[in-house]
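Asker:
2 protein chains.
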Amino acid sequence: MKQGLLTDRQKEVLRFRKQGLTQQQIADIIHTSKANVCTIEKAAYENIEKAKETLEFLYTLDATHLCTIRSGTDLFDAIGEIYAEAEKIHIKVRYDSIGLINRLKESNPERFKGRFVRDDVEVYITEEGDLCFG
Amino acid sequence: MKQGLLTDRQKEVLRFRKQGLTQQQIADIIHTSKANVCTIEKAAYENIEKAKETLEFLYTLDATHLCTIRSGTDLFDAIGEIYAEAEKIHIKVRYDSIGLINRLKESNPERFKGRFVRDDVEVYITEEGDLCFG
DNA sequence: GCATGGTTAAATGAAATGGTTTAAGTTTTA
DNA sequence: TAAAACTTAAACCATTTCATTTAACCATGC
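Chains A and B, in that order, are what the protein sequence lines are. Letter by letter, the first sequence follows residues 1 to 134 of the working numbering. Letter by letter, the second sequence follows residues 1001 to 1134 of the working numbering.
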């Protein structure tokens, strides 16, 4: 059965990985080679990427591009920029500073290092003031 | 090119639809039958569903199930329940009431009708107090 | 050096997906 | 009610995807 993008095999491997098993250990359990476990895991992450990109497209469908937060930017400067840009187009952002930082961080936790942005972040906003990040 | 789950064809159709065109109008523009536009559009929504399910799986991988908000529940009762359940397992929710309602609503806007929940919503929480909805 | 953990490339077969047509159905609405 | 809008089913073919194997390749740590 395949509910979602991930195959049963891929979910199985991800779960074992989450438990801290090595690829070799997993290979032994599911009776295949570690190379295969590696490729299955890799395919899983590619599928997850695709899923994220798909939903991002959805956002851009009814949201307009607000601004780009450049890599290296301080988080607090970033939210300042977001508020400023939103004001320019007369949309009130639906989040306070704290909420905004939380939204940013949870959109893709790996993208932040402490107070700094690691990669460029595209910011979209809906007419209702909801934010999406790409 | 296919960046994400949706094919170029599918994105094209979704964009035209967002502009309010009928399937027949789109069919004329892209030189095919309206039946085909229908199936393309349908496939697009199936892919979007898959994308959502995929990310939901990711959440459940490192989040634990907190509670189920039953269809018909008042939103304000729902957030009360969420706070109560989180307290039981000694996790502090990372959102205030307003932020929590926003998170809920944007997780799947069609699922809410005014102050009420239309379909059951599964609530997951991470150790850090982040919430996900399934 | 050599065991361990991880990654990569090439090849293969089975399964699925995507776009298409044709043709038969609903539902909506003017 | 009749036209317009939308949905569904069946069949076709080309392309892609998945899991798999084998065999090689980089690190790291002892």
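For each residue, glycine too, the CB sits at the ideal point set by N, CA and C.
Which ranges would you report for the beta strand (DSSP E) in the region 28-68 of chain A if only whole runs of at least 3 residues count?
Answerer: Segments of the beta strand (DSSP E) lying fully in the region 28-68 of chain A: there are none.
Asker: Which same chain residues, not among the five before or five after T1126(B), have their C-beta less than 7 angstroms away from its C-beta?
Answerer: By one-based count along the second sequence, residue 1126(B) stands at place 126. Excluding sequence neighbours, T1126(B) sits near D1062, A1063.
Asker: Need the endpoints of the beta strand (DSSP E) that I125(A) sits in, please.
Answerer: Translated into positions along the first sequence, residue 125(A) becomes position 125. Start and end: 121-125.
Asker: Residues of the region 49-75 of chain A in Cβ contact with chain B at a cutoff of 8 angstroms, in chain order, please.
Answerer: Residues passing the 8 angstroms Cβ filter: K50, A51, K52, E53, T54, L55, E56, F57, L58, L61, D62.
Asker: Given that a residue counts as buried once 16 or more other Cβ atoms are within 10 Å of its Cβ, and exposed if not, what is Y124(A)?
Answerer: Here the question's residue 124(A) lines up with position 124 in the first sequence. Buried: at least 16 other Cβ atoms inside 10 Å.
Asker: Taking CB distances under 8 angstroms as the criterion, tell me whether R1009(B) reaches chain A.
Answerer: For the purposes of this step, residue 1009(B) is taken as residue 9 along the second sequence, with counting starting at 1. It does not; no Cβ of chain A falls within 8 angstroms.
Asker: Which residues, in order along the region 12-29 of chain A, keep a beta-carbon less than 9 angstroms from a beta-carbon of chain B?
Answerer: Cβ contacts with chain B come from L14, R15, K18.
Asker: Just to confirm my understanding: we take V1093(B), look at its own chain, exclude 5 residues before and 5 after, and list those with CB closer than 8 angstroms. What are they?
Answerer: For the purposes of this step, residue 1093(B) is identified with residue 93 of the second sequence, where counting begins at 1. Answer for V1093(B): I1082, Y1083, A1086, L1100, I1125, G1129, L1131, listed in chain order.
Asker: Compute the beta-carbon to beta-carbon distance between N1036(B) and L1005(B), rounded to the nearest angstrom, for a pair I have assumed lies under 8 angstroms.
Answerer: On the second sequence, residue 1036(B) is found 36 positions in, with the first residue counted as 1. On the second sequence, residue 1005(B) is found 5 positions in, with the first residue counted as 1. No, N1036(B) and L1005(B) are not in contact; Cβ-Cβ is about 19 angstroms, not under 8 angstroms.
Asker: Quick one: what's got a C-beta closer than 8 angstroms to F116(A)'s C-beta in the same chain, skipping five residues either side?
Answerer: Against the first sequence, residue 116(A) aligns to sequence position 116. If we look at F116(A) and ignore the five residues flanking it on each side, its Cβ neighbours are G72, T73, D74, L75.
Asker: Taking its Cβ as the centre, do 16 or more other Cβ atoms sit within 10 Å of T1032(B), making it buried, or is it exposed?
Answerer: Walking along the second sequence from the start, residue 1032(B) turns up at place 32. Exposed, since its Cβ has fewer than 16 Cβ neighbours within 10 Å.
Asker: Contact criterion: CB-CB distance below 8 angstroms. Does N1047(B) meet it with respect to chain A?
Answerer: Counting from one through the second sequence, the residue named residue 1047(B) turns up at place 47. With 8 angstroms as the cut-off, N1047(B) counts as an interface residue toward chain A.
Asker: Counting only C-beta atoms, is N1108(B) closer than 8 angstroms to chain A at any point?
Answerer: Looking up residue 1108(B) in the second sequence gives position 108. It does not: the Cβ of N1108(B) has no partner Cβ on chain A nearer than 8 angstroms.
Asker: Once you ignore the five residues that flank A44(A) on each side, which residues in its own chain have a CB closer than 7 angstroms to its CB?
Answerer: Translated into positions along the first sequence, residue 44(A) becomes position 44. Excluding positions up to five away in sequence, the list reads L6, Q10, V13, L14.
Asker: Whose CA, out of D77(A), L21(A), I91(A), Q23(A), lies closest to the CA of L104(A)?
Answerer: Residue 104(A) sits at position 104 when you count from the first residue of the first sequence. Nearest C-alpha to L104(A): D77(A).
Asker: So, is T1054(B) buried or exposed, given that buried needs 16 or more other C-beta atoms within 10 angstroms?
Answerer: The count along the second sequence starts at 1 and reaches residue 1054(B) at position 54. Answer is buried; the Cβ neighbour count reaches 16.
Asker: A1051(B) and A51(A) look like a contact to me (Cβ under 8 angstroms); what is the Cβ gap, rounded to whole Å?
Answerer: For the purposes of this step, residue 1051(B) is identified with residue 51 of the second sequence, where counting begins at 1. For the purposes of this step, residue 51(A) is identified with residue 51 of the first sequence, where counting begins at 1. The Cβ separation is near 4 angstroms, so the contact holds.
Asker: Output, in chain order, the set of chain A residues within a Cβ distance shorter than 7 angstroms of D1130(B).
Answerer: Within the second sequence, residue 1130(B) is the residue found at index 130, counting from 1. Neighbours of D1130(B) on chain A, chain order: E106.
Asker: Would a C-beta distance cut-off of 8 angstroms place I1079(B) and S1107(B) closer than the cut-off?
Answerer: Position 79 of the second sequence, counted from the first residue, corresponds to residue 1079(B). Position 107 of the second sequence, counted from the first residue, corresponds to residue 1107(B). Not a contact, by the Cβ cut-off of 8 angstroms.
Asker: Nearest CA to the CA of K18(A): which residue from I1069(B), Y1095(B), L1058(B), D1120(B)?
Answerer: For the purposes of this step, residue 18(A) is taken as residue 18 along the first sequence, with counting starting at 1. Here the closest residue by C-alpha is L1058(B).
Asker: Apart from the five residues on each side of it in sequence, which residues of its chain come closer than 7 angstroms, Cβ to Cβ, to K1024(B)?
Answerer: Sequence index remark: in the second sequence, residue 1024(B) carries index 24 (1-based). The identity of residue 1024(B) in the sequence shown is Gln, whereas the question assumes Lys. Result list for Q1024(B): K1034, in chain order.
Asker: What residue range does the alpha helix (DSSP H) around L100(A) cover?
Answerer: Within the first sequence, residue 100(A) is the residue found at index 100, counting from 1. Where L100(A) is concerned, the enclosing alpha helix (DSSP H) stretches over 97-107.
Asker: Counting only beta-carbon atoms, is R1094(B) nearer than 8 angstroms to chain A?
Answerer: Counting from 1 along the second sequence, the entry for residue 1094(B) is found at position 94. Judged by the 8 angstroms Cβ criterion, R1094(B) is in contact with chain A.
Asker: Based on DSSP bridge pairs, tell me the residues matched to K1113(B).
Answerer: Numbered from its first residue, the second sequence carries residue 1113(B) at position 113. Bridge partners of K1113(B): F1116(B).
Asker: With 8 angstroms set as the bound, which would you pick, yes or no: does the beta-carbon of G1004(B) sit closer than that to a beta-carbon of chain A?
Answerer: Sequence index remark: in the second sequence, residue 1004(B) carries index 4 (1-based). Yes, G1004(B) counts as interfacial toward chain A.
Asker: Report the three-state DSSP secondary structure of D130(A) (helix, strand or coil).
Answerer: Taking the first residue of the first sequence as 1, we reach residue 130(A) at position 130. Three-state result, D130(A): coil.
Asker: So, using beta-carbon positions, are G1114(B) and E1122(B) closer together than 8 angstroms?
Answerer: Within the second sequence, the letter at position 114 stands for residue 1114(B). Within the second sequence, the letter at position 122 stands for residue 1122(B). Taking 8 angstroms as the Cβ cut-off, G1114(B) and E1122(B) do not qualify as a contacting pair.
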